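In the working numbering, the protein residues as written are 6 to 439. Using N, Cα and C, we set each Cβ at its ideal position, and we do this for glycine too. Since we're looking at a predicted model, the values are computed, not measured.
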């Protein structure tokens, strides 16, 4: 894990936020490569959940929202974690995540003490005020989840899209939770981004759709390169279930510190739609013109974290192997989520090669995200591209000026092949398996 964190900073994936001021706890900035990979993860999710489906549409709800939403959803009453204080070192902890000793006593990770205050509920929502006056009438909350935006827009989507269950609304957006003990790099932070689908189904079909989405989401991670032995589906025990759920399963990943949640799939029943209908006085149900039936749909919710997903892909791809007797670090990322798909590398930065190299770059940019590097020896440039996960390198050498061909190098096998420039786009796209 330490090696991955070092690589993430050194190569521009993730930076500690406000580092020049000593940092700000549990916040991170995404650098040039991190932005590209993060976007690719979101694009891969959107492609799977919206682009390749007929019954799912997009949504982008507001981050600031009325307190009435969170009162109706139960978050003001139920969205809490148990908070304890260590009386010895004064550190605050989430009680249900503290280690225990042989006698079952909680142990403080900071000082090793076991003298804690009684656990008390701590609401995780960030509270703020809208407008110039900070009074109770101006209270608002940063959303702790994106889900409620789907439910309060249910009637609007039905009216504009004329959809029939089963159908879904998909959203990618920021959420905020005032975590008591954030940590493990970008795994648990107070500001994070979610990729979430709310799938509205007839109530009697909810169990089969729950199973369907558990399998679909597990397969998505596998298709994008996470080995089967590094992911698993863990159903929640009854005592773990949220107040709105009758069934939940987590897709977990084998992080260096143990199994951790990547994505949760929940059967939220009709809890949310009925709660908002009761609180708002609005009808939130579906009318089936074919049968004349009215009902409130059940909701199946697959919800994943962008940063956790990106982190899992990096960990699964991180490899150290040997090439020609030399150790190398390589990220074996799936081409769809790698920051760059192609690196264009002139063999020399002499002016004679640069015009052709620029032509090759412009040829490839419409079909792939490209890096362009003229620094250092070609071998070191190959190693850098391996380390940041670039699947293909295209090298322009002095023979290219005469034969109008370039060399394609594969990241994983390091095999090289000479390809005419007029067939380069076809050769690159076929190797990337778009």
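In this structure, does DSSP put residue i in helix, strand or coil?
{"i": "residue 436", "result": "helix"}
{"i": "residue 375", "result": "strand"}
{"i": "residue 412", "result": "strand"}
{"i": "residue 180", "result": "strand"}
{"i": "residue 272", "result": "strand"}
{"i": "residue 310", "result": "strand"}
{"i": "residue 430", "result": "helix"}
{"i": "residue 385", "result": "helix"}
{"i": "residue 23", "result": "coil"}
{"i": "residue 251", "result": "coil"}
{"i": "residue 391", "result": "helix"}
{"i": "residue 292", "result": "strand"}
{"i": "residue 107", "result": "coil"}
{"i": "residue 44", "result": "helix"}
{"i": "residue 112", "result": "coil"}
{"i": "residue 342", "result": "coil"}
{"i": "residue 30", "result": "coil"}
{"i": "residue 404", "result": "coil"}
{"i": "residue 10", "result": "helix"}
{"i": "residue 301", "result": "coil"}
Going by beta-carbon coordinates alone, are residue i and residue j separated by less than 7 Å?
{"i": "residue 179", "j": "residue 166", "result": "no"}
{"i": "residue 289", "j": "residue 134", "result": "no"}
{"i": "residue 347", "j": "residue 373", "result": "yes"}
{"i": "residue 235", "j": "residue 42", "result": "no"}
{"i": "residue 298", "j": "residue 172", "result": "no"}
{"i": "residue 4", "j": "residue 281", "result": "The question about residue 4 has no answer, for the chain in this structure spans 6 to 439."}
{"i": "residue 252", "j": "residue 215", "result": "yes"}
{"i": "residue 386", "j": "residue 378", "result": "yes"}
{"i": "residue 170", "j": "residue 114", "result": "no"}
{"i": "residue 85", "j": "residue 126", "result": "yes"}
{"i": "residue 64", "j": "residue 176", "result": "yes"}
{"i": "residue 335", "j": "residue 415", "result": "no"}
{"i": "residue 225", "j": "residue 53", "result": "yes"}
{"i": "residue 116", "j": "residue 151", "result": "no"}
{"i": "residue 268", "j": "residue 222", "result": "yes"}
{"i": "residue 426", "j": "residue 409", "result": "yes"}
{"i": "residue 270", "j": "residue 212", "result": "no"}
{"i": "residue 112", "j": "residue 100", "result": "no"}
{"i": "residue 148", "j": "residue 70", "result": "yes"}
{"i": "residue 121", "j": "residue 183", "result": "no"}
{"i": "residue 396", "j": "residue 322", "result": "no"}
{"i": "residue 301", "j": "residue 277", "result": "no"}
{"i": "residue 441", "j": "residue 33", "result": "A question about residue 441 goes unanswered here, because the residues of the chain that appear run from 6 up to 439."}
{"i": "residue 195", "j": "residue 78", "result": "no"}
{"i": "residue 358", "j": "residue 320", "result": "no"}
Buried or exposed, going by whether 16 or more other CB atoms sit within 10 Å of the CB of residue i?
{"i": "residue 428", "result": "exposed"}
{"i": "residue 5", "result": "With the chain covering 6 to 439 only, the question about residue 5 has no answer from this structure."}
{"i": "residue 26", "result": "exposed"}
{"i": "residue 248", "result": "exposed"}
{"i": "residue 311", "result": "buried"}
{"i": "residue 255", "result": "buried"}
{"i": "residue 292", "result": "exposed"}
{"i": "residue 418", "result": "exposed"}
{"i": "residue 257", "result": "buried"}
{"i": "residue 435", "result": "exposed"}
{"i": "residue 263", "result": "exposed"}
{"i": "residue 485", "result": "It is not possible to answer for residue 485, since the shown part of the chain is limited to 6 through 439."}
{"i": "residue 394", "result": "buried"}
{"i": "residue 313", "result": "buried"}
{"i": "residue 97", "result": "exposed"}
{"i": "residue 39", "result": "buried"}
{"i": "residue 190", "result": "buried"}
{"i": "residue 360", "result": "exposed"}
{"i": "residue 16", "result": "buried"}
{"i": "residue 201", "result": "buried"}
{"i": "residue 381", "result": "exposed"}
Name the one or two DSSP bridge partners that residue i has.
{"i": "residue 398", "result": "348 and 414"}
{"i": "residue 2", "result": "One cannot answer for residue 2 here, as it falls past the ends of the chain, which runs 6 to 439."}
{"i": "residue 259", "result": "264"}
{"i": "residue 172", "result": "205"}
{"i": "residue 423", "result": "412"}
{"i": "residue 101", "result": "None; residue 101 has no bridge partner."}
{"i": "residue 336", "result": "323"}
{"i": "residue 328", "result": "331"}
Check whether chain C comes within 7 Å of residue i, counting only Cβ atoms and requiring the distance to be less than that.
{"i": "residue 435", "result": "Protein chains in the displayed structure number just one, and chain C is not present."}
Could you give the uninterrupted runs of the beta strand (DSSP E) lying entirely in the region 117-167, keeping only those of 3 residues or more?
-> Listed in chain order, they are 125-128, 131-134 and 144-147.
Mind listing, in chain order, the continuous beta strand (DSSP E) runs of no fewer than 3 residues lying wholly within the region 47-96?
-> Counting only runs that start and end inside the region 47-96, the beta strand (DSSP E) elements of at least 3 residues fall at 61-63 and 85-90.
Sequence ranges, beta strand (DSSP E) only - wholly within the region 179-246, length at least 3 | Secondary structure within the region 179-246: the beta strand (DSSP E) runs of 3 or more consecutive residues, fully enclosed, are 196-206 and 236-240 (chain order).
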